[in-house]
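Encoded as C-alpha cells, the structure appears first; notes follow it.
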Amino acid sequence: MLDVDWAERWMHTAAADVAAARDDLTELDRLIGDGDHGVNLDRGLRAVAERLGDPAIAPRETVGQVLRLAATTLMSTVGGAAGPLYGTALLRASKVTDRAVLDASGVVALLDAALEGIVARGKAASGEKTMVDAWQPAAEAAERVAGTTDDVGDTWRAAADAAEAGARATIPWVATKGRASYLGERSAGTEDPGARSTAIVLAAAVRALQG
Ligand code: ADP
Ligand code: MG
Ligand code: MG
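UniProt numbering numbers the first residue of the sequence shown as 1 and each following residue consecutively.
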C-alpha cells in the first residue's frame, strides 16, 4: 500500500541505494561533468533519512508531507544542478499527493508533477541527455499502465523499468544541457549521471513496496 510508511521507506531506501552507488555516480559525473553528483545526492538523501528519523520534525500524515520534507531538505543540502532539480521535482510531487494513501492514478500524478517541476526548473527537453530522459519515460509508462490496471505495484514497476531503459539510452547521446554539454561530442559514450540516479531513486520506490 502506498501510504505514509511507504513514502518514508521510499526515501530511506533511496538514501541507502544512492549511498551504495555514490562512487559509480561520481565516476559518471567525473567523466562528463565535475565529479560531484554521487557525493551531492548522497549528502542530501542522508540528511533526508536523518530528518525522517527524527519524530520531532514535521507532521507526517500524508504522502505529500513526507515528500515536502524531503524536497526542502534536498534543496538546502544538495548544491549544483541536481539539488534544485530533485527538490523542485519532489516539491511539485508533494502538492498532488496530500493524501494518506495513493492509488495508481496518484502514482501517475506524482510522476507527472515531478517531471513538470524538473522541466520548469531546468528547461531541458527529452533527448538532451539529462535526468529528464529517465523521468519522462517513467511518467509516460506509469500513465500507460495505470490506464489498464489499478495495481500500484505494476504502475511503479513500469515507471522504474522505463527510467532504467531511459537512463541507459542516454549513453551514446551528446549532451546539450547541463555541464556535460560543455564537452560536446566527448559527452557521448557515458551515461548521464542524473538519469542514472533517477533510475536508482525510482527503483527504490518499488523496493519500498515490499514492506
Ligand atoms: P552539477 O552539474 O551542478 O555539478 P550534479 O552533478 O549534481 O550538478 O548533477 C548533474 C546532473 O543534473 C546531470 O547529469 C543531469 O542529469 C542533471 N541536469 C543538469 N542540468 C539539467 C537541466 N537543465 N535539466 C535537467 N537536468 C539537468
Ligand atoms: Mg556535477
Ligand atoms: Mg557541481
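All C-beta atoms in this analysis are idealised placements derived from N, C-alpha and C, irrespective of residue type, glycine included.
Query: Backbone CA spacing between Leu52 and Thr77 [nearest angstrom]; Result: 15 Å
Query: Environment of ligand 2 in chain order, Cβ to heavy atom below 5 Å; Result: Asp29, Gly33, Asp34, Asp36 and His37
Query: Near ligand 3: Gly80 beta-carbon under 7 Å from a heavy atom; Result: yes
Query: Alpha-carbon spacing of Ala49 relative to Ala15, whole angstroms; Result: 7 Å
Query: Proximity test, Ala180 beta-carbon vs ligand 1 heavy atom, cut-off 7 Å; Result: yes
Query: Contacts around Leu69, its chain only, beta-carbon distance under 8 Å, and the 5 residues preceding and following it disregarded; Result: Val48, Arg51, Leu52, Ile57, Ala58 and Arg60
Query: Thr62 vs Arg99 beta-carbon contact at 8 Å; Result: yes
Query: Ligand 1 heavy atom lying under 7 Å from the CB of Asp192; Result: yes
Query: Per-residue burial, Asp42 [other beta carbons within 10 Å of its own, 16 or more giving buried]; Result: buried
Query: Whether Arg196 touches Leu25 by CB criterion (8 Å); Result: yes
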